[in-house]
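Residue numbers (my numbering), protein chains in the order written: chain A, -15 to 334; chain B, -15 to 334; chain C, -15 to 334.
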Amino acid sequence: MTLGELADRYGCELDGDSGTVVDRVATLSGAGAGAVSFLANPHFRGRLKDTRATAVILEERHRADCPVASLVNSNPYATYARVAALLHPPRDVEPGVHPTATVAADALVAESACVGPNVAIGAASIVGERAMLGAGSVIGGNVRIGADSRLLARVTVLDGVTMGVRCVIHPGVVIGSDGFGFAEDEGAWVKVPQIGGVTIGDDVEIGANTTIDRGTIENTVIEDGVKLDNLVQIAHNVRVGAHTVMAAMSGAAGSTRIGRRCKVGGGVVMINHLEICDDVMFTFRSVVTKSVRKPGTYGGSLPAEEAQRWRRSAARFRQLDALAERLRAIERTGIGGRADGEGSRGRDNG
Amino acid sequence: MTLGELADRYGCELDGDSGTVVDRVATLSGAGAGAVSFLANPHFRGRLKDTRATAVILEERHRADCPVASLVNSNPYATYARVAALLHPPRDVEPGVHPTATVAADALVAESACVGPNVAIGAASIVGERAMLGAGSVIGGNVRIGADSRLLARVTVLDGVTMGVRCVIHPGVVIGSDGFGFAEDEGAWVKVPQIGGVTIGDDVEIGANTTIDRGTIENTVIEDGVKLDNLVQIAHNVRVGAHTVMAAMSGAAGSTRIGRRCKVGGGVVMINHLEICDDVMFTFRSVVTKSVRKPGTYGGSLPAEEAQRWRRSAARFRQLDALAERLRAIERTGIGGRADGEGSRGRDNG
Amino acid sequence: MTLGELADRYGCELDGDSGTVVDRVATLSGAGAGAVSFLANPHFRGRLKDTRATAVILEERHRADCPVASLVNSNPYATYARVAALLHPPRDVEPGVHPTATVAADALVAESACVGPNVAIGAASIVGERAMLGAGSVIGGNVRIGADSRLLARVTVLDGVTMGVRCVIHPGVVIGSDGFGFAEDEGAWVKVPQIGGVTIGDDVEIGANTTIDRGTIENTVIEDGVKLDNLVQIAHNVRVGAHTVMAAMSGAAGSTRIGRRCKVGGGVVMINHLEICDDVMFTFRSVVTKSVRKPGTYGGSLPAEEAQRWRRSAARFRQLDALAERLRAIERTGIGGRADGEGSRGRDNG
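(1) For a contact meaning CB atoms closer than 7 Å, what does A107/C contact in chain A?
(2) Any idea what DSSP makes of Q217/C, helix, strand or coil?
(3) Given R223/C, which residues of its chain have a CB within under 6 Å of its CB, disregarding the five upstream and five downstream residues?
(4) Going along chain A, which residues have a C-beta under 8 Å from H227/B?
(5) Between F22/A and E259/C, what straight-line distance do the alpha-carbon atoms span, to the nearest angstrom?
(6) To the nearest angstrom, how far is it from the Cα of S96/B to the Cα of R198/A?
(7) Taking buried to mean at least 16 other C-beta atoms within 10 Å of its own C-beta, is R300/A buried or exposed?
(8) Which two residues bound the contiguous alpha helix (DSSP H) that contains A237/C?
(9) Of all the residues that make up the stretch 234 to 252 of chain B, which are near chain C by a beta-carbon distance shorter than 9 Å?
(10) My output table needs one value for L42/B: the three-state DSSP class, helix, strand or coil.
(11) Using DSSP's beta-bridge definition, name the partner residues of H290/C.
(12) Taking the C-alpha atoms as reference points, what is the distance between H72/A and V174/A?
(13) On the three-pair Cβ rule with 8 Å, is the stretch 9 to 29 of chain A touching the stretch 79 to 87 of chain A?
(14) May I have a chain-ordered list of the alpha helix (DSSP H) segments no shorter than 4 residues that lie completely inside the stretch 39 to 81 of chain B?
(15) Across the stretch 97 to 109 of chain C and the stretch 96 to 109 of chain A, are there enough close Cβ pairs to call them in contact, namely three or more that are closer than 8 Å?
(16) Would you check if the distance between the CB atom of G251/A and the CB atom of R277/A is smaller than 8 Å?
(17) Which residues does DSSP pair with A119/C in a beta bridge?
(18) Show which residues of chain C have a CB atom less than 9 Å away from the CB atom of A137/A.
(19) Specify, as a first and last residue, the run of the beta strand (DSSP E) that A308/A falls within.
(20) Tell me the rounded alpha-carbon separation between V52/A and G165/C.
(21) In angstroms with no decimal places, state the Cα-to-Cα distance between A226/C and N126/A.
(22) How would you label H220/B, buried or exposed, when you count the other beta carbons within 10 angstroms and need 16 or more for buried?
(23) Quick one: is S58/C buried, meaning 16 or more other Cβ sit within 10 Å of its Cβ, or exposed?
(24) Beta carbon of L215/C, beta carbon of L135/B: below 8 Å?
(25) Between P74/A and the ligand ATP, is there a pair consisting of the residue's CB and a ligand heavy atom that are separated by less than 7 Å?
(26) What is the DSSP secondary structure of R322/B, reduced to helix, strand or coil?
(27) Pick helix, strand or coil for R300/A, following the three-state DSSP scheme.
(28) What do you get for C50/C, buried or exposed, if any count of 16 or more other CB atoms within 10 angstroms of its CB means buried?
(29) Rounded to a whole number of angstroms, what is the C-alpha to C-alpha distance between D169/B and G118/A?
(30) Would you mind telling me which residues of chain C sit closer than 8 Å to V145/B, beta carbon to beta carbon, in chain order?
(31) Taking 8 Å as the threshold (C-beta atoms), are C246/B and M233/B in contact?
(32) Please report the residue range of the alpha helix (DSSP H) in which D(-8)/B lies.
(33) Are S285/A and H257/A closer than 8 Å when you measure CB to CB?
(34) Would you verify that the beta carbon of V379/C is, or is not, closer than 8 Å to some beta carbon of chain B?
(35) Should N333/A go down as buried or exposed, given a rule of 16 or more other Cβ atoms within 10 Å for buried?
(36) Taking the alpha carbon of T228/C as the point to measure from, which residue in V67/C, T38/C, R244/C, R66/C has its own alpha carbon closest?
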């Protein structure tokens, strides 16, 4: 692929020889001849001057600092992503059903689809054109897998789940497990049947060992373009709005509805029955306990500190109510407020 | 099924025609003719008046407000659960061993059990009547799976694990992996063999991708009626008491013993070697660092807030010890306590 | 095995008859005749006097209190680990490829390796001497599994991953899934191809359902002797230094580099692009948001308390900034600082 072709295809201005050939991508510092690199995060700007890449994708403002050919574009990271996909395409899907796969007689598998070793497909399920079901995947009954979706390996999709086109599902993912619903009855639990399904939109990506429960009565819904990282938990009846991203180890409890284009940091959890509007960001490890009706950024978690210092703050945290009462006593009665000894009790109390 | 039959079977008073037929369950707002719905959470009471359900299961206090037939019962949610199970029974277990399964010569599989595609069963293991081992499950040696237990798909049960009757185990669950035991020796780690097993009681449900480690020497124990949600971690030597529920992403570290009928919120973690008595509830995302000897509710986590506001609180948290010292100085010496400048240092410090 | 042989082999002083035979390990309180136990944690010292073990491995300082034979050593836990491994060796690896396994024509599997039922091995992969690939494991193309490594069951190792010798990988582990990389473009996400690999060193142990993503361009690296517990998340481009341990449900976000011999507590998460030096310990459930350049212990999390008390502290936490301002007003202007009513506003505010 020549730089000229890349510039044309992705709308870049090219500083350099349009006939130069590149064949792979690399980091600024790891690149050698033939590699295209990129500069998106200005934090790494310092690495530009020593790069040995053949060309760098970057913004106008870094153009003058680039010692090699540059492909100038207003969104270098997205452009890099497209160039990388062109130079490093995923393996072709090899059509055919592996002889060790078990496919129900009334399942419909497109001829262009790939069904890998030891895959099981249940009754009345439909697998679309060029879809890939990787080794060891288990597909229940009445499932629909859309065209060009790829289940990499060992994915489980249980009865009645519908998945759109061009999804990427990583190993160990479970879609359609029962929601956690039990009714208390005299000190024990009666299982509440989980008879809803799961609807997954188009262009959804789901990370390794993530779990998505089926709805209690209606469906759990993951809308188009959602990206879920590894070890994410989506409980029954949750709806995740289009183009929302959820980083690793985050989760949403039952019936919570998350808006569109939200950004959920790693380890964030939301309690049940919340409504989160569109365009909300939750920072790393937040605990969300209330609905959010206004777009914006919400936090937080308390960052780790040197342990001695942390212990002092944590001990004071336990005294917070007493500290506030002592402050109030001073405000109300002057320093004499201490005469009743509340101050000292407060101090001894942690 | 007629309303009269349901009322008889589940001890409800019926307001309406006992011969009316219903065939499925639905939500109050999603129901149509032929559907039974329920009202358990008074929060949803407002949906009652517009429901198009054929009948609603509810408490005496909502009886007068129900525009359609009602099945009146003191525990409508548990009654709903039983009605739903009756109208939407799980698929029958089809007896037989799939030709792609690998069963050790000396394993004993009941004739009424179902062993799915690509299941492997190790030496001397026993699978009870009507048990179901879903596709891709792996059963080690000397395992016992009790009657009517269902491993939905891709469950791993390693050597020496015992499971009772009527359990439901969701895909991706791992039972009997080695506990995390290593002895430090000159800057490296010596593996401590994990030679205990795991004992799972009757009527246990375990959610997708949950992990339960085997004991170091003796057994990890999950007692009868326990319900674990998805992505839960149970470490070696833990005991979870009967009818305790643990929500998604919660966990217990090594040798902790959790009492009976506890309710562990999502994301709660307990450190090792704790004793938690019966009837304890931990709210969402708590970190449990001490044994609990008194039933009751324990928390907590700090809820997310608008990021600016959170940052101010978090910065003050880091100053807490200094703030407390400044307060104490005022209490001790009056406003003059500030003359030594401690106050300003405190303020500048975050 | 006689006590004399054990003493010789592991450098212990023996108090007792060197010809006495032992055949298993047990806890101090669970032991009977023929069992070796150990005392490593002085907390359990009280159990020594009633033990019915045949011998106990312990330190010099407990020697005089031991009512039975003792094996005296400066590191009784590590010595116990070695004795336990000797008396309870893992099952032998039975060489051979199970007839239900699918092995690519150009894969190289050592004759002494064991490939279990329903395993799939991709093109050009290499499986070393005495390695074990447990039932249902999926190995991609161009993978290397070192000698004596054991993938217990249902492990997924995707294309291009390299694993050293003597590793132990528990069920459900996924190595080499795509990192979570997407470029934002006009409200949607463009996938950034993840073309790096994963390098796993020697003597690494990885717990059940843990996930390790491949690098974006270069490799994610797990160095020699690392031990990861269950449900751990390692993001793309992370490096975990030699002999570091990470307890269950911990994780490191993209490109973070963790030093050697670190101890990461359960549920600890680190944000992306951090540098953690060698010999750092993070306590249970910490949130690490800054690089650490000095060895030592860092925390923390706030421990759960009785819910009423917690709620009071949490409410005060929300008022912290106002409390600090009220304190400052007093410091600055005396009790009169309250005359503007700031104090009462502060109090009403939570």
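No residue lacks a Cβ here, since even glycine has one placed at the ideal position from N, Cα and C.
A quick look at the data gives this:
(1) Ordered by position in chain A, no residue passes the 7 Å Cβ test against A107/C, which lies about 10 Å from the chain.
(2) Secondary structure at Q217/C: strand, using DSSP grouped into helix, strand and coil.
(3) These residues qualify, in order along the chain: V205, R241.
(4) Going along chain A in sequence order, the residues near H227/B (Cβ under 8 Å) are G171, A172, W173.
(5) A straight line joining the alpha-carbon of F22/A with that of E259/C spans about 23 Å.
(6) The straight-line gap from Cα to Cα measures roughly 28 Å.
(7) Under this definition R300/A is a buried residue.
(8) Careful: A237/C lies outside any alpha helix (DSSP H) and carries neither H nor E.
(9) In summary, the residues of the stretch 234 to 252 of chain B whose CB is separated from some CB of chain C by less than 9 Å are G235, A237, G251, V252, in the order they occur in the chain.
(10) Reduced to three states, the DSSP call for L42/B is strand.
(11) Per the sequence shown, residue 290/C should be read as Glu rather than His. DSSP lists Y282/B as partners of E290/C.
(12) Taking the straight line joining both Cα atoms gives about 51 Å.
(13) No, the stretch 9 to 29 of chain A does not touch the stretch 79 to 87 of chain A.
(14) Counting whole runs of 4 or more residues, the stretch 39 to 81 of chain B contains the alpha helix (DSSP H) stretches 60 to 71.
(15) Yes, the stretch 97 to 109 of chain C is in contact with the stretch 96 to 109 of chain A.
(16) Taking 8 Å as the Cβ cut-off, G251/A and R277/A do not qualify as a contacting pair.
(17) Answer is none; A119/C lacks a bridge partner.
(18) Going along chain C in sequence order, the residues near A137/A (Cβ under 9 Å) are A104, V122, G124, T140, L142, V158.
(19) Careful: A308/A lies outside any beta strand (DSSP E), inside the alpha helix (DSSP H) at 304 to 317.
(20) Answer to the nearest angstrom: the Cα atoms are 26 Å apart.
(21) C-alpha separation (whole angstroms): 47 Å.
(22) Classification of H220/B: buried, given that the 10 Å Cβ count is 16 or more.
(23) Its Cβ having fewer than 16 others within 10 Å, S58/C is exposed.
(24) Not a contact, by the Cβ cut-off of 8 Å.
(25) As for the ligand ATP, it is missing from this structure, which has no ligand bound.
(26) For R322/B, the predicted structure reports a pLDDT of 44, less than 50, and the residue's modelled location is therefore unreliable. A value from the coordinates is still provided. Helix at R322/B.
(27) Here R300/A sits in helix by DSSP.
(28) If you draw a 10 Å sphere on the C-beta of C50/C, you find 16 or more other C-beta atoms in it, and that means buried.
(29) When rounded, the distance between both Cα atoms is 42 Å.
(30) For V145/B, there are no C-beta contacts with chain C under 8 Å, since the nearest C-beta of that chain is about 12 Å from it.
(31) Result no, Cβ atoms of M233/B and C246/B do not sit closer than 8 Å.
(32) Note, D(-8)/B: alpha helix (DSSP H), -13 to -6.
(33) Taking 8 Å as the Cβ cut-off, S285/A and H257/A do not qualify as a contacting pair.
(34) In this structure chain C extends from -15 to 334, so residue 379/C is not present and cannot be described.
(35) At N333/A, the pLDDT of 34 sits below 50, so the modelled position is not reliable and the matter cannot be decided from this model.
(36) Minimum Cα distance to T228/C is reached at R244/C.
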